[in-house]
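To keep things clear, I will list the structure first and then write my remarks on it.
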Amino acid sequence: MEDLFEGYTIGPWWDEMLESPSYPRKASLGLHEALRSLSAADLEERCAERDRSFRDRGITFSLSGEERPFPLDPVPRLVSADEWAVIESGVAQRVRALEMFLADVYGRGEVLKDGVVPRRLVATSRHFHRAAAGIETPNGVRIHVSGIDLVRDATGEFRVLEDNLRIPSGVSYVVENRRTMARVFPELFVSHRVRPVADYPDKLLASLKAASPRRARGEPTVVVLTPGVHNAAYFEHSFLARQMGVELVEGRDLVCRQNTLYMRTTGGEQRVDVVYRRIDDDYLDPLHFRSDSLLGSAGLLNVARAGNVTIANAVGNGVADDKLAYTYVPALIDYYLGERPILANVPTYRLEEPDQLEHVLGRIGELVLKPVDASGGYGLLIGPQASEEEIDAAAVAIRANPRSWVAQEVVQLSTVPTKVGNHLEPRHVDLRPFAINDGERVWVLPGGLTRVALPRGSLVVNSSQGGGSKDTWVLASDNPHFGGRDVDGVERTAAAALAALPPYGAGPDLGPALAANQQQQQSGPPCSAG
Amino acid sequence: MSWRIATRHVSSYRYASTVFASYNEARMTPVASHRQSVLESHVSIRPTAPPLRYVDYWATTVYAFDVHEPHDNLVVTGSSVVETAGAEVLNEDAGWELVHRPDVQDRYSELLLPTPYAPLEPALRDLAHDVGTSETPAQAVASVSAWVRSAMRYEPGTTQVSTSAVEAWRQGSGVCQDFAHLTLVLLRELGIPARYTSGYLHPRVAAAIGETVKGASHAWVEAWLGSWQPVDPTNGEPVGERHVTVARGRDYADVAPLHGLYHGGALEDLEVTVELTRVA
Chain L
1 MEDLFEGYTI
11 GPWWDEMLES
21 PSYPRKASLG
31 LHEALRSLSA
41 ADLEERCAER
51 DRSFRDRGIT
61 FSLSGEERPF
71 PLDPVPRLVS
81 ADEWAVIESG
91 VAQRVRALEM
101 FLADVYGRGE
111 VLKDGVVPRR
121 LVATSRHFHR
131 AAAGIETPNG
141 VRIHVSGIDL
151 VRDATGEFRV
161 LEDNLRIPSG
171 VSYVVENRRT
181 MARVFPELFV
191 SHRVRPVADY
201 PDKLLASLKA
211 ASPRRARGEP
221 TVVVLTPGVH
231 NAAYFEHSFL
241 ARQMGVELVE
251 GRDLVCRQNT
261 LYMRTTGGEQ
271 RVDVVYRRID
281 DDYLDPLHFR
291 SDSLLGSAGL
301 LNVARAGNVT
311 IANAVGNGVA
321 DDKLAYTYVP
331 ALIDYYLGER
341 PILANVPTYR
351 LEEPDQLEHV
361 LGRIGELVLK
371 PVDASGGYGL
381 LIGPQASEEE
391 IDAAAVAIRA
401 NPRSWVAQEV
411 VQLSTVPTKV
421 GNHLEPRHVD
431 LRPFAINDGE
441 RVWVLPGGLT
451 RVALPRGSLV
461 VNSSQGGGSK
471 DTWVLASDNP
481 HFGGRDVDGV
491 ERTAAAALAA
501 LPPYGAGPDL
511 GPALAANQQQ
521 QQSGPPCSAG
Chain V
1001 MSWRIATRHV
1011 SSYRYASTVF
1021 ASYNEARMTP
1031 VASHRQSVLE
1041 SHVSIRPTAP
1051 PLRYVDYWAT
1061 TVYAFDVHEP
1071 HDNLVVTGSS
1081 VVETAGAEVL
1091 NEDAGWELVH
1101 RPDVQDRYSE
1111 LLLPTPYAPL
1121 EPALRDLAHD
1131 VGTSETPAQA
1141 VASVSAWVRS
1151 AMRYEPGTTQ
1161 VSTSAVEAWR
1171 QGSGVCQDFA
1181 HLTLVLLREL
1191 GIPARYTSGY
1201 LHPRVAAAIG
1211 ETVKGASHAW
1221 VEAWLGSWQP
1231 VDPTNGEPVG
1241 ERHVTVARGR
1251 DYADVAPLHG
1261 LYHGGALEDL
1271 EVTVELTRVA
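Shown next as C-alpha cells:
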C-alpha cells in the first residue's frame, strides 16, 4: 500500500506533526500512525463522508458572493496540553490588557497622558468612536468575544499576528468541523483525549447574561443581531442564536423607545437587555453613525448610554485592534499588568516613524505590508512573492500615507499535513483561538479555527482569500492537576441535529429611509451697534 | 465687566406629512467655564418626550430623545441664564516653540487634523503661511481672523449647513459657520490647535437691561495659545460678555444644535429663532 506521506518534505519551517519526514512529534504519534494505515482510497471515502455531513447540515461559506461547502481538511491539527497552556494564558493576558486599554481610552485617557501610546494613534483611528465615550459597561467588559490570530514561527514559538476585538467570526466552523470530524474519524476520538468545543454557545450565553444591565431583575433577554441572510457570516449568526436558544433579529425587528430597546415579536414587544451584534459599528445606529444604514437600530447607542441595554462587543473596540494599535500591545501588557507578554508579536514596523519608514523602504521585498484598517487578508503585499512593479507601487503608497500601513517580518508559518489530491503535503496554517470574557475570567475555547493556505507555499490563510480549515484538537493533559480530563463526547457532538430556524416576524414598515433634522448656524455681524 | 444673559433658542420643524418616529440629540445647553457660569438651563421638547441628558466627549451637555407619538411639528426649545465675562486679550506670551512642542501637538492632535468641514486644501496651505507668518501665534491668529473677514462676504443663503470651508472660500461668501471653518483650516495648517465653538452673540454693545432682542446661533473659533483663546472671525470683535458659549468640537458636526432622524414625511419648514435678553 502506498503511504499517504510519500514524498512529504519539510522546509525551513516548523511542521506541527513531523520533526522530520519519518519522525512524528510525540503528541502526534498516534495520529501519524493512524494516517499511515490509511490508503488513498480510504481517505477518499472519509472525505466523501465529510462532504455528506456538511451537505446534510447545509453548511456553506460565501466566497466572493458564491456559496461553497466549507473546506475542511480531513487531517486534524493537534495542539498538546503544554502548548495549549501557553496559548491559553497568553491570549487571556492579551485580552485583559486590551480591556484595560479600551476602558482607559474611552475613559480617563491615562495611557495617553503617560505617553505610552500617542494620542495621535487614537485620534487618527477610523474606529475611535467619540460617541462611545462615557458609556458604562455593566460588568466592565467590552471584549465579550475576541479572536486572537496566532502563527507559529520556524522555532515553534506561537506569535500573535493580529487581534480581532470587534466581531471575530469563525467559531461556528470550529463547532461544526468537530461534529463532522466525529463522523469522519470516530476511532481517533477514542484514541485521543480531545478537549470539547461544543459548549462554546453556553459559555457565550452565560457571558452575555453576565453583562446584562438588569442582572438583578430576573432572567435577561439576549438577542443576536445580524445584518441579514446576505451577510457572509449569516450561517454563524443563525447557528449561535439557535445554539444559545435566543432570538436572531435584524435591525427592523428592533425599536428604541424612551431609551429602552424592544424587539417586535408575534406576541408583542419584548424588552431586550443584551444585543450580541454581528453588525459593524458604522451600521449599528444611524443616529450616531452612518445615517443611511438600515441594518441597525436608531437610538441604540443612547439606550446603552442610559444603562438599559448592553451592546456586545462594545462600540469602538476597533481602536484597539487595528494593525497599528497591535504594535503597542506588548507595551500595554507591561503598562497595565506589569507583566511580560506570554505571546510575542511578529516584529512590526510603524511607518509613521521616519527611521522605520526608511528601513522598510529599503526592504519591501523581504517584508509583508499590511493596510492598517483592512482585515481578511485584503490589500496584503507579501514582499518575497511580489513583482518589481508591485514593490514600486507599494513604496509610493506607503510614502503617500504612512499611517495607513505597517510592515512585518515574514514569518515562515508552520505546516500541517494536508490532503492534496490523493496524498498528504505540508500546507501553512494559522490559528484563531476564541476567548470569552464574562467579567470574572477570560475563558479560551480549547480549540480554535485552524486556517490553511491551500496553494503550495502560500502564506495567506484567510477564508475570504480561498483558504481552507482544519479541526483543531487540543489534547487533555495526562496530569489531572493541569488541563482537564474531560474527553470529548463524540456521541454528544454527533447527535445534535440542526433544528430548522423559525421564521421571524417582521415589524411594520416605517416608510422610506431616514431623513435628517438639522440646521445651519447663520449668525452674522451685529446689525446695529445700538 | 460681566453680563447676565437669558437665552431662548427655539427650533421648530414642520413636516409635510405625519412623522411616526423621530430620534434626536439637542446641544443647546451653555457650557460652564472659567469665563461663563450657567445659572439656569433647560431643554423642552414638544411633543413631550423624556430626554436622556448626558455630557459628550467634547464636554457638551446633550439631550437625547425619541418621539414615537405621530406628529406634524417638532419644537425643541433651549432656555438658559448665563453670566458671561468680559473679553480677554490674546495671550502674547506663548511662542511658536510652545505651540509646536511635540507633546502639545500630540495632546491636541484631533484639533490639528483636517475634517470634512475643514479639509486639506493645497491652495489654502500656501495662503496660511503667507497670512500667518508672525512673531507669535497670537499675532497669527489675529492675522488669520482678519484675512478671513477680508476674503469672505457675509451673505446668508449663499451656503448651506453642509458647505465646507473650501467651498465657501472659493465663492467668497458665507455665514459665521463658514467663517469659522475657514479660520480652522488656516490655523491648523499653521500648527495651532483650533476648535469650532458654537453659541450665541448678543447683537447690542450697549444692551438695555430687560430688553429682548432677536439673535441667531453663532459660531467662532478657539485657538490654543498656552490656553484656549477665543477669536470671532465673522465680526472681528473680541469675544466677551456678549458671547454665550454652548459647545466645542472639531467642526460643526460635533456641535450641531439639533441632530436627528425621523421616519415619515418630508420636512416642509424649519424655523429657528434665538432670543437674547440681558437681565443684569
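For the protein sequence lines, the chains are L and V, in the order given. Throughout the first sequence, residue numbering follows this note's numbering, covering 1 to 530 in sequence. Throughout the second sequence, residue numbering follows this note's numbering, covering 1001 to 1280 in sequence. Every residue gets a Cβ at the ideal spot worked out from N, C-alpha and C, and that includes glycine. Since the model is a prediction, treat every value here as computed from it, not as a measurement.
May I ask which residues mark the beginning and end of the beta strand (DSSP E) holding residue i?
i: V429(L); result: H423 to R432
i: T180(L); result: Segment V171 to V184 is the alpha helix (DSSP H) holding T180(L); no beta strand (DSSP E) there.
i: G1260(V); result: L1258 to G1264
i: V1274(V); result: L1267 to R1278
i: N164(L); result: F158 to N164
i: V272(L); result: No beta strand (DSSP E) contains V272(L), which DSSP labels as neither H nor E.
i: K419(L); result: T415 to V420
i: P1156(V); result: P1156(V) -> no beta strand (DSSP E), and no H or E assigned at all.
i: D73(L); result: L72 to V79
I need the boundaries of the alpha helix (DSSP H) containing residue i, first residue and last residue.
i: D471(L); result: Taken as a continuous stretch (DSSP letters only), D471(L) belongs to no alpha helix (DSSP H), being part of the beta strand (DSSP E) at G468 to V474.
i: G1132(V); result: P1122 to G1132
i: S53(L); result: A40 to R57
i: V122(L); result: R119 to A123
i: V303(L); result: L300 to R305
i: E1135(V); result: Segment: none, E1135(V) is in no alpha helix (DSSP H) and carries neither H nor E.
i: S20(L); result: Per DSSP, S20(L) belongs to no alpha helix (DSSP H); it is in the beta strand (DSSP E), L18 to S20.
Looking at the structure shown, is residue i part of a helix, part of a strand, or coil, going by DSSP?
i: W1224(V); result: strand
i: K26(L); result: helix
i: I333(L); result: helix
i: A1016(V); result: strand
i: A344(L); result: strand
i: H230(L); result: coil
i: N1073(V); result: strand
i: Y504(L); result: Since pLDDT at Y504(L) reaches only 31, below the 50 mark, its modelled position is unreliable, and the value read off the structure follows with that caveat. Reduced to three states, the DSSP call for Y504(L) is coil.
i: L4(L); result: coil
i: V1043(V); result: strand
i: W13(L); result: coil
i: D1084(V); result: Sequence inspection shows Thr at residue 1084(V); the Asp mentioned does not correspond to that position. Residue state, collapsed to three classes: strand.
i: Q1105(V); result: helix
i: M1028(V); result: strand
i: N317(L); result: helix
i: D285(L); result: coil
i: M1001(V); result: coil
Quick check on residue i - is its C-beta less than 9 Å from some C-beta in chain B?
i: E1110(V); result: The chain labelled as chain B is not found among the protein chains of the depicted structure, namely L and V.
Among the options, which residue has its Cα nearest to the Cα of residue i?
i: A103(L); options: R399(L), D334(L), T137(L) and V86(L); result: T137(L)
i: P1122(V); options: V1148(V), V1166(V) and Y1108(V); result: V1166(V)
i: Y1049(V); options: A1032(V), T1077(V) and L1113(V); result: In the sequence on display, residue 1049(V) carries Ala and not Tyr. Here the closest residue by C-alpha is T1077(V).
i: D1066(V); options: V1246(V), G1199(V), P1051(V) and D1056(V); result: P1051(V)
i: T418(L); options: D471(L), K370(L), A395(L) and Q408(L); result: D471(L)
i: V1010(V); options: A1032(V), S1162(V) and G1215(V); result: G1215(V)
i: E2(L); options: D285(L), S37(L), S28(L) and Y200(L); result: S37(L)
i: L543(L); options: A435(L), V160(L), R363(L) and Y276(L); result: Residue 543(L) lies beyond the stretch modelled for chain L, which goes from 1 to 530, so this question has no answer here.
i: E1271(V); options: L1074(V), E1025(V) and A1064(V); result: L1074(V)
i: G1226(V); options: M1028(V), N1091(V) and R1053(V); result: N1091(V)
i: G316(L); options: L351(L), I279(L), G11(L) and L31(L); result: I279(L)
i: R1153(V); options: S1079(V), W1169(V), A1059(V) and S1143(V); result: W1169(V)
i: P196(L); options: P12(L), G447(L) and E19(L); result: G447(L)
Closer than 8 Å to a non-hydrogen atom of the ligand HEM - does that hold for the CB of residue i?
i: M17(L); result: Judged by which ligands are present, the structure shown has none, so any question about the ligand HEM falls away.
Q | Against chain L: residues of the segment 1259 to 1271 of chain V by CB proximity under 9 Å | A | H1259, G1260, L1261, Y1262, H1263, G1264, G1265, A1266, L1267 and L1270
Q. For the segment 284 to 295 of chain L, which residues have a beta carbon sitting closer than 7 Å to at least one beta carbon of chain V?
A. P286, L287 and S291
(Q) Closer than 8 Å is the cut-off here; do at least three beta carbon pairs connect the segment 256 to 267 of chain L with the segment 233 to 242 of chain L? (A) no
Q | the segment 1230 to 1241 of chain V touching the segment 1080 to 1087 of chain V, judged by at least three CB pairs closer than 8 Å | A | yes
Q.
What are the residues in the segment 110 to 123 of chain L lying within 7 Å of chain V by C-beta distance?
A. P118, R119, R120 and A123
Q: State whether the segment 350 to 364 of chain L contacts the segment 88 to 106 of chain L, with contact taken as three or more CB pairs (one from each stretch) at a distance under 8 Å.
A: no
Q) For the 8 Å Cβ check, are there 3 or more pairs between the segment 1180 to 1200 of chain V and the segment 1112 to 1130 of chain V? A) yes
Q | Selection of the segment 253 to 274 of chain L by Cβ proximity to chain V, strictly under 9 Å | A | V255, C256, R257, Q258 and N259
Q) Mind listing which residues of the segment 1092 to 1117 of chain V have their C-beta closer than 7 Å to chain L's C-betas, in chain order? A) D1106, R1107, S1109, E1110 and L1113
Q. For the segment 1031 to 1063 of chain V, which residues have a CB atom closer than 8 Å to at least one CB atom of chain L, in sequence order?
A. A1049, P1050, L1052, Y1054, V1055, D1056, Y1057 and W1058
Q | Chain-ordered residues of the segment 292 to 320 of chain L with a beta carbon less than 8 Å from chain V | A | A298, G299, N302, R305 and A306
Q. What residues in the segment 128 to 140 of chain L bring their beta carbon closer than 7 Å to a beta carbon of chain V?
A. R130, A133 and G134
Q | Segment contact flag, the segment 338 to 345 of chain L with the segment 128 to 147 of chain L, C-beta cutoff 8 Å, min 3 pairs | A | no
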